[in-house]
Structures are given as C-alpha cells and as structure tokens.
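Residue numbers are given in numbering that gives the first Met the number 0: position 428 of the sequence shown equals residue 427, and the series is strictly consecutive.
Yeah, the Cβ is synthetic: ideal placement off N, Cα and C, and Gly gets one too.
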Amino acid sequence: MRKIIILLILFLFSFTIYSNDQFTEDFNTIITIDSINEDFINKDISLLSYSEYFYYYCLVSEELNRYDEFKEWFSNIETQIDVDLLKDFNNLDITTFTEEEKKKLAENLLVYLHNRVFKSYKLTANRISSIIDKGEYNCVSSSLLYGIFLKKYGINCFGIETQDHVFVEIEFQDQKIDVETTNIYGFDPGKKKEVLDNFGKVTGFNYVPAKDYRNRNKVDFKIVFFLIYHNLANFYSLNGNHLKAANIGYIISLGRNDSKGKDEFNVYFNNYVVKISGQKKYQEAIQAINNYIDNFGVNQNFLKIRMDLLANYVVDFNDYSNYNSINDYMLAENERYSDQKDNKRFLELYFHLIYKTSEYFISIKDYEKSYNVLKDFNFRYKNSDSEKIFHNTLLSELNYLNSIKDKDQIKNLFINLKTLFPEYLKKINEFERLFLLNEITELITKNQYENALLEVKKLKAIYSKDNDLLAVQKNCYIKYTVSLYESKDLERTIFFSEEALKEFPNDITFLNNYKAFFQNFFYEAYQKKDYSKARKIINLAKEKFPKDDYFVQMDRALQDKKY
0 MRKIIILLIL FLFSFTIYSN DQFTEDFNTI ITIDSINEDF INKDISLLSY SEYFYYYCLV
60 SEELNRYDEF KEWFSNIETQ IDVDLLKDFN NLDITTFTEE EKKKLAENLL VYLHNRVFKS
120 YKLTANRISS IIDKGEYNCV SSSLLYGIFL KKYGINCFGI ETQDHVFVEI EFQDQKIDVE
180 TTNIYGFDPG KKKEVLDNFG KVTGFNYVPA KDYRNRNKVD FKIVFFLIYH NLANFYSLNG
240 NHLKAANIGY IISLGRNDSK GKDEFNVYFN NYVVKISGQK KYQEAIQAIN NYIDNFGVNQ
300 NFLKIRMDLL ANYVVDFNDY SNYNSINDYM LAENERYSDQ KDNKRFLELY FHLIYKTSEY
360 FISIKDYEKS YNVLKDFNFR YKNSDSEKIF HNTLLSELNY LNSIKDKDQI KNLFINLKTL
420 FPEYLKKINE FERLFLLNEI TELITKNQYE NALLEVKKLK AIYSKDNDLL AVQKNCYIKY
480 TVSLYESKDL ERTIFFSEEA LKEFPNDITF LNNYKAFFQN FFYEAYQKKD YSKARKIINL
540 AKEKFPKDDY FVQMDRALQD KKY
C-alpha cells in the first residue's frame with residue numbers, strides 16, 4: 000500500500016550557533032539532483048520504451064548499481080510470460096488484437112505475474128529488489144511492474160492514486176477498467192466477489208470503486224515511478240534520515256510537477272526542520288527556512304514555524320556574555336523579509352529577549368548594561384511595557400545603593416537618568432520623590448527636625464500638593480513641637496506650633512497640642528508659684544484661644560493673686 004506521509008510535530012527548545020555556509024550546504028544537499036534523475040524528470044514518458052521503464056524503476060528504487068543483474072532477471076521473466084501469453088493468443092502483435100482480446104491479455108498478464116513474480120504482499124516492499132529477491136510486492140511496486148509489461152505489449156495505462164492506495168486504470172476503446180495489481184484476480188475487480196472479499200484481507204485497505212471520484216486521482220503513469228520515491232522518502236523519515244527524505248521529496252515535487260508533489264516536499268522539508276530544531280540547532284533550522292523561501296517563495300506555514308523557532312531561540316537564550324551578537328542576529332532576521340518586518344509576533348518575542356536580558360543584568364547588579372539594553376530597544380521600538388524594565392532596573396539599583404548607604408550616588412543617578420531617559424521622567428521623579436521622602440523621614444528619626452523641615456520646604460516647591468509629603472511634614476511638626484515642649488523651650492514650642500498651623504490651618508491635632516502645651520507650661524509655672532511666668536503664658540494662650548474656658552478661669556485665678 001502507499002504510505003501516508005508522516006508529518007512530525009514541531010517541538011522547539013534551545014539553540015546552537017552555526018555558520019551560514021554550513022546551513023546553505025545542507026540545504027543545497029536537499030535541492031541537489033543528479034543528472035540521471037534530472038534527465039528522467041524532463042523526459043516525455045510516452046516516448047520511452049518498456050525497457051527504459053524498467054531502467055527507471057531501478058533508478059527510483061535507488062538500485063542502479065544492480066541494474067545489469069536485474070536486467071537479466073527481467074529478460075528471463077519476459078521470456079517466460081511471452082511463452083505463457085503465446086499459448087493463449089498464438090501471437091503477441093497487439094495491433095491484430097480485438098478490444099476483447101486486449102482485455103484478456105491484460106487480465107492474463109496479471110495472473111502470470113502473480114504466478115511467476117508476485118509471491119507475497121508486504122507494505123514496505125517498494126524497491127525492485129524486493130520483487131526480484133523475495134517476491135515481495137505492494138500496490139505501488141506491483142502497479143509499476145504491471146505497467147511496464149503493459150507498455151511492452153502496447154497497452155497504455157494510467158495510475159489511480161487514492162489517499163492510501165495505488166492501482167492501474169486501462170483505457171480501452173469501449174471501456175475503462177481498473178486493475179488491482181495486488182490480487183491475482185484484480186482485473187476489473189468490481190465485478191469479482193472473490194477479489195472484493197480477499198482484497199482487504201491481503202492489503203488492509205478497501206478497493207475504491209470508479210464512482211467514488213472524490214478519492215480517486217487519475218495520474219499519468221510517470222507519477223507511479225515517483226510514488227516509489229514517495230514510499231522511500233517515508234522510509235527515510237521513519238528511520239530519522241530527514242535530509243535524505245527531503246532530497247527525495249524535492250525530486251518528487253519536480254517529477255510530479257503538481258500541487259501534491261509540492262505538498263509532499265513541504266512535508267519532508269518540515270520534518271527535516273523538526274529534526275534539526277529537536278537537536279536544538281535553531282539557527283540552522285531558521286536558515287533552512289530562509290533558504291526555502293529564497294528558492295521557492297513564501298510559504299505561510301514555514302513563516303509561522305520560522306517565528307516559532309525565533310521565539311524558542313529567545314526563550315532558551317542564556318549566553319548573556321554573547322548578547323550583542325544575538326541581538327544583531329535577531330535584528331538581521333527581522334530585516335530579512337520586508338513584508339514580515341516588525342510584525343507583531345517578532346516585536347513580542349524581541350521585547351521578551353530585551354526583558355529577560357535586562358533581568359539577568361539586574362540579577363548580577365550590572366545596572367549600566369540593563370539601561371543600555373533598554374536604551375537601544377527604545378531607540379528602535381515603542382512598547383508600553385518597556386517602562387517595566389526601567390522600573391525594575393531603577394528599583395533594584397536604588398535598593399542596592401541604599402544598602403551600601405551611597406546617597407550621593409543615588410542623587411547623581413537621578414540626574415543622569417533624567418538625561419538618558421526623558422521618556423521616563425515621570426517615573427524618575429516618582430522614585431526621586433520617594434527617595435527624598437525617605438531622607439526626610441530618616442532626618443526625623445534622627446531628631447534632626449529643622450533640617451527635615453527645610454528639606455520639606457524644598458520638596459514642596461516641586462510637589463506642593465503631594466499627600467505623602469504633607470503627611471511627613473505634619474509628622475515632623477508634631478514630633479518637633481512635642482520635643483520642644485519636653486525640653487521646656489516655650490518660645491520655640493510656640494514658634495513651631497504657629498508655623499505648623501500656618502501650614503495646616505485649623506488642624507485639630509495641632510490645635511489640641513498647642514492648647515495642651517500652654518496648659519502644661521502654665522500648670523508647671525503656677526505650681527512653682529512663678530505667677531509672673533504664668534501670667535505671660537496665659538496672655539499668650541488667650542491671644543490664641545481667647546474663649547477657651549480653661550484659660551479664662553486661669554486668667555481670673557491669676558487676677559485674684561494680683562497678677
């Protein structure tokens with residue numbers, strides 16, 4: 000039986016770097032045809048003799064090295080079958096035969112071939128040597144040898160190609176007759192119950208009647224020769240020799256010169272690409288597809304596979320010391336075909352390369368290289384996610400510089416980044432704002448309140464309505480005024496409480512604290528009977544809180560004491 004083409008599934012991983020010369024050499028092997036095959040491809044088969052048919056059967060069997068031996072065998076079989084047929088017809092001059100006699104000759108010929116040549120059916124018996132050495136045959140080899148003998152006796156025939164089977168059709172003047180060559184009674188098998196019953200048992204397939212045109216493809220008998228190649232290509236594929244299979248597939252495509260031949264070549268070529276990509280030779284596989292496109296034109300399936308290969312090349316890339324050459328390679332592949340340049344898939348996988356490379360440089364704290372990779376990408380392309388790379392790099396570097404307490408370097412970093420990446424100015428300012436807020440918080444922690452307030456005022460000139468900054472400022476005033484109160488610094492407690500209320504008018508926390516400061520300062524002076532100081536405090540308190548009951552009462556108490 001004719002084998003179904005085996006299409007391997009493409010699984011892609013890793014990569015290896017090779018030279019383009021080597022890639023091209025392998026592709027040239029695929030599209031190289033020797034002179035004998037080329038000569039056969041270009042021949043008009045109708046002009047060939049039956050002996051030339053046999054010669055080319057040896058060719059497509061890849062057994063020309065045994066041609067002299069096989070030719071002798073063929074001559075002996077010819078003689079024997081001539082004797083058989085002469086007994087039936089007395090002469091073999093086909094020009095003297097009626098149509099019915101021609102049909103009978105074709106039928107008897109099949110019987111004699113089975114009696115003398117075809118001994119046992121075997122699916123993989125493709126080559127002429129299988130018939131000669133073991134008597135093993137399949138649908139293609141038996142059809143081909145039968146057709147060679149028909150040619151000898153002057154009867155023209157065609158091949159019938161179905162999805163999984165091959166047989167012969169003979170056009171007589173009054174009738175077209177199928178010949179199922181795998182069966183001794185296969186002449187016009189649709190009328191013979193014994194053939195229909197036995198055929199499936201022998202071959203494992205079903206006979207396709209003439210009326211089922213969807214599954215029948217009538218082809219020039221020359222195509223049957225290339226079906227031998229088809230089966231051999233499958234054999235090589237199954238045994239892992241995909242380069243050889245692709246080469247035979249290319250011969251088939253030229254020999255058939257039809258869409259099926261082209262499709263076959265594409266399948267075998269695809270299997271070759273699968274093999275080398277499975278060996279993690281991604282650049283070689285990509286170059287093979289490039290060579291295909293350059294020689295045969297665009298194929299959408301191979302374009303997709305090419306992008307799959309590039310994608311997996313990126314996924315498995317980890318030689319970051321060689322990043323520049325990898326980057327150049329990716330960009331060159333993007334430029335190769337103008338109609339494919341900067342397609343969505345490429346931009347996605349190229350950004351992935353940039354992202355993972357940046358992450359690697361971040362992991363080894365080589366922040367400059369991470370920025371450079373991003374800068375180069377932004378020069379060429381726009382991607383909304385590129386800010387994530389910048390964010391991750393800057394965040395990691397800031398964490399590192401904070402860990403070594405290099406604040407000057409952090410400040411210089413912000414200055415430099417604003418020049419290098421103006422497109423991320425908003426992001427830089429955000430990080431800088433957080434850095435400055437942290438610096439202020441640190442000053443507060445160290446009780447350097449006035450320095451902290453000074454930095455707050457500088458920052459408010461830029462971020463006047465920033466809630467985080469306002470919260471830090473408020474916290475600073477609260478802690479500082481409490482600190483001043485605890486150190487019994489009345490004047491400065493009042494001064495900074497007033498300043499706080501200017502910044503946060505009518506803020507309930509500051510108002511309550513301010514009252515409490517006055518009350519406590521007053522209480523301490525009053526307890527010590529320092530009524531002059533107590534009067535001073537009450538006067539100041541009443542200026543700020545004239546209607547406060549406590550201060551009104553304490554004012555009366557002091558008056559009672561003549562103060």
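Quick check on residue i: does DSSP put it in helix, strand or coil?
{"i": "I537", "result": "helix"}
{"i": "K565", "result": "Outside the shown range of the chain (0 to 562) lies residue 565, about which nothing can therefore be said."}
{"i": "E62", "result": "coil"}
{"i": "D338", "result": "helix"}
{"i": "E179", "result": "coil"}
{"i": "K217", "result": "strand"}
{"i": "F157", "result": "strand"}
{"i": "Y380", "result": "coil"}
{"i": "Y136", "result": "strand"}
{"i": "F166", "result": "strand"}
{"i": "Y54", "result": "helix"}
{"i": "Y120", "result": "strand"}
{"i": "F186", "result": "strand"}
{"i": "Q299", "result": "helix"}
{"i": "L237", "result": "helix"}
{"i": "K561", "result": "coil"}
{"i": "T94", "result": "helix"}
{"i": "F26", "result": "helix"}
{"i": "Q172", "result": "coil"}
{"i": "Y152", "result": "coil"}
{"i": "T78", "result": "helix"}
{"i": "R126", "result": "coil"}
{"i": "Y312", "result": "helix"}
{"i": "F550", "result": "helix"}
{"i": "Y448", "result": "helix"}
{"i": "D529", "result": "coil"}
{"i": "D307", "result": "helix"}
{"i": "D365", "result": "coil"}
{"i": "D262", "result": "helix"}
Residues in the same chain with beta-carbon distance under 7 angstroms from residue i, minus the five sequence neighbours each way, listed in chain order, please.
{"i": "E98", "result": "F171, Q172, D173"}
{"i": "I131", "result": "F69, W72"}
{"i": "Y359", "result": "Y319"}
{"i": "Y52", "result": "I147, K150"}
{"i": "Q518", "result": "Y549"}
{"i": "A451", "result": "I439, L442, I443, C475"}
{"i": "K459", "result": "L468"}
{"i": "S119", "result": "G134, E135"}
{"i": "F503", "result": "K473, F509"}
{"i": "T569", "result": "Beyond the ends of the chain as shown, which are 0 and 562, falls residue 569; an answer cannot be given."}
{"i": "M553", "result": "F521, I537"}
Which two residues bound the contiguous alpha helix (DSSP H) that contains residue i?
{"i": "D293", "result": "281 to 295"}
{"i": "V116", "result": "Counting along the chain, V116 falls outside any alpha helix (DSSP H), and DSSP gives it neither H nor E."}
{"i": "K478", "result": "466 to 485"}
{"i": "E429", "result": "424 to 444"}
{"i": "F350", "result": "343 to 362"}
{"i": "I409", "result": "406 to 419"}
{"i": "I507", "result": "507 to 526"}
{"i": "I388", "result": "385 to 402"}
{"i": "A245", "result": "241 to 255"}
{"i": "Q278", "result": "No alpha helix (DSSP H) holds Q278; DSSP gives it neither H nor E."}
{"i": "R491", "result": "489 to 502"}
{"i": "D38", "result": "34 to 41"}
Go through its chain and collect everything with a Cβ distance to residue i's Cβ below 8 angstroms, but skip five positions before and after it.
{"i": "Y562", "result": "Y530, S531, A533, R534"}
{"i": "K560", "result": "Y530"}
Short of 6 angstroms in beta carbon distance, which residues of its chain neighbour residue i, apart from the five on each side in sequence? Order them along the chain.
{"i": "L108", "result": "F148"}
{"i": "I80", "result": "Y111"}
{"i": "N382", "result": "F350"}
{"i": "A499", "result": "Y476, F509"}
{"i": "I275", "result": "E283, A284"}
**Q.** Sufficient close CB pairs (3 or more, under 8 angstroms) joining the stretch 243 to 254 to the stretch 157 to 175
**A.** Flag = no, the stretch 243 to 254 and the stretch 157 to 175 do not touch.
Q: Check whether the stretch 51 to 62 touches the stretch 135 to 148, taking contact to mean three or more Cβ pairs, one atom from each stretch, closer than 8 angstroms.
A: The stretch 51 to 62 vs the stretch 135 to 148: in contact.
**Q.** the stretch 407 to 426 contacting the stretch 352 to 363, beta-carbon criterion three pairs below 8 angstroms
**A.** These segments do not touch.
Q: Would you be able to state if there are at least three C-beta pairs under 8 angstroms between the stretch 82 to 101 and the stretch 57 to 74?
A: They do not touch, by the three-pair rule.
Q) Do three or more CB pairs link the stretch 297 to 309 to the stretch 343 to 355 at distances below 8 angstroms? A) Below 8 angstroms, enough C-beta pairs join the stretch 297 to 309 and the stretch 343 to 355 to call them touching: three or more.
Q) For the stretch 117 to 131 against the stretch 35 to 42, are there 3 or more C-beta pairs whose distance is under 8 angstroms? A) No, they do not touch.
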